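Written below as structure tokens is the structure these notes are about.
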Amino acid sequence: EGVGVQEYTGIKLQVLLDDLRAQPEGERDTVKGAPVGQKLTSAEVSSQIGNRKVYLVAATLRPETMYGQTNCYVGVDIPYGVYAVNDTEAWVCTERAARNMAFQGLFEEKGVIKKLATLKGWDLVGVPLSAPLSPFQKVYTLPMEGVSPTKGTGVVTSVPSDSPDDYITLMDLLKKAQYYNVEKKWIEPFLPPRPIIRTKEFGDLSAVRAVEQLKIQSQKDTKQLADAKEMVYKAGFYHGVMTVGEFAGKPVQEAKPLVRAELIKNGQAFAYCE
Ligand code: A2H
274 EGVGVQEYTG IKLQVLLDDL RAQPEGERDT VKGAPVGQKL TSAEVSSQIG
324 NRKVYLVAAT LRPETMYGQT NCYVGVDIPY GVYAVNDTEA WVCTERAARN
374 MAFQGLFEEK GVIKKLATLK GWDLVGVPLS APLSPFQKVY TLPMEGVSPT
424 KGTGVVTSVP SDSPDDYITL MDLLKKAQYY NVEKKWIEPF LPPRPIIRTK
474 EFGDLSAVRA VEQLKIQSQK DTKQLADAKE MVYKAGFYHG VMTVGEFAGK
524 PVQEAKPLVR AELIKNGQAF AYCE
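Using UniProt numbering, the first residue of the sequence shown is number 274, and each one after it goes up by one.
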């Protein structure tokens, strides 16, 4: 980072509000005793959102990995806002990110922020989403300890096949579901990760292999995770070849801008810098 500008891709994961609303509160899963999505679907927030579609927006440096999305991560204690983009869309991210977005002209009126609601990460855990290019129709929002409130949007989309952090967090959550206040059914159907990229260093499932090689046990092993992340990132970038999707057979370096452009063209992503 430092002086350089980070060119992220903002990925739009649509909140399946109808799914949430179709399930009466009494029959909903709970997080810390509160029904999932309770705040998002409350009368007060609903009236603010109106008819807008709501998206969690995740910042990624690896748009070509979106074929491997299995879930989305938020920090449970991080404050998030629901921001109006225009009359038809609202985005969930940190206030810091919303300010950057406003100045980058991503909202209807340049420089102007219209906040519809305030949430905590906890309010989003268990919320169902539709993630572009994911093989799954519905994925879930889960808690991650290492999410930084001052990087990207504060929302991280999860690709356990190619991100050691994403993979170990998923294993952690599954092992200690009760402790983390998550349902196993938000995790189990999405495992094991499906291969999307092959590298000569790590084979088909780079993140899984690196986590095993470095004997990483949990998301608390931050030093080894940083090493694994660097190794996997380099292997993927320089030697990765896509094994799925429209650009299967192409090197990652070629596929990356193509997938990004495709997502942006389809209105499923946007350029975001910081
Ligand atoms: B990447 P950099 Cl498959 N807190 O996306 C913690 N991590 C965050 C974050 C935040 N607030 N915002 C974004 N990130 C993650 C995919 C991916 C990513 C893969 C492999 C490696 C990888 C799927 N998760 O990143 O510090 C996001 O995860 C390794 C560099 O700005 C984002 O890209 O360099 C990356 O960290 C941005 O990290």
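Ideal placement from N, C-alpha and C gives every residue a C-beta, glycine not left out. Please read all numbers here as calculations on a predicted model, not as lab measurements.
Between residue i and residue j, which are expected to be in contact by the criterion C-beta below 8 Å, what is the C-beta distance as a whole number of angstroms?
i: residue 366; j: residue 427; result: 6 Å
i: residue 408; j: residue 532; result: The pair is not a contact, with the Cβ atoms about 15 Å apart (cut-off 8 Å).
i: residue 328; j: residue 290; result: With a Cβ gap of about 11 Å, residue 328 and residue 290 do not count as contacting.
Starting from the C-beta of residue i, find all residues in its chain whose C-beta is less than 6 Å away, skip the five residues before and the five after it, and write them out in chain order.
i: residue 386; result: 371, 375
i: residue 518; result: 340
i: residue 357; result: 363, 387, 389
i: residue 447; result: 460
i: residue 456; result: 302
Are residue i and residue j closer than 8 Å when you measure CB to CB?
i: residue 282; j: residue 333; result: yes
i: residue 552; j: residue 487; result: Since the first and last residues shown for the chain are 274 and 547, residue 552 lies out of range.
i: residue 410; j: residue 403; result: yes
i: residue 405; j: residue 284; result: yes
i: residue 547; j: residue 296; result: no
i: residue 348; j: residue 417; result: yes
i: residue 331; j: residue 429; result: yes
i: residue 513; j: residue 471; result: yes
i: residue 508; j: residue 437; result: no
i: residue 369; j: residue 414; result: no
i: residue 505; j: residue 435; result: yes
Among residues of its own chain, excluding the 5 on either side of residue i, which ones have a beta-carbon nearer than 7 Å to its beta-carbon?
i: residue 491; result: 441, 445
Got a sec? Which residues, its chain only, sit under 8 Å from residue i by beta carbon, not counting five neighbours each side?
i: residue 495; result: 419
i: residue 309; result: 293, 301, 302, 303, 398, 399, 400
i: residue 520; result: 337, 527, 528, 531, 532
Indicate, with yes or no, if ligand 2 has a heavy atom lying under 7 Å from the CB of residue i.
i: residue 333; result: No copy of ligand 2 appears in this structure; the ligands present are ligand 1.
Fill in: For ligand 1, residues whose Cβ lies under 6 Å from any non-hydrogen atom
In chain order, the qualifying residues are 279, 332, 333, 334, 335, 338, 419, 420, 421, 424, 425, 427, 429, 430, 431, 432, 435, 436, 439, 502, 506.
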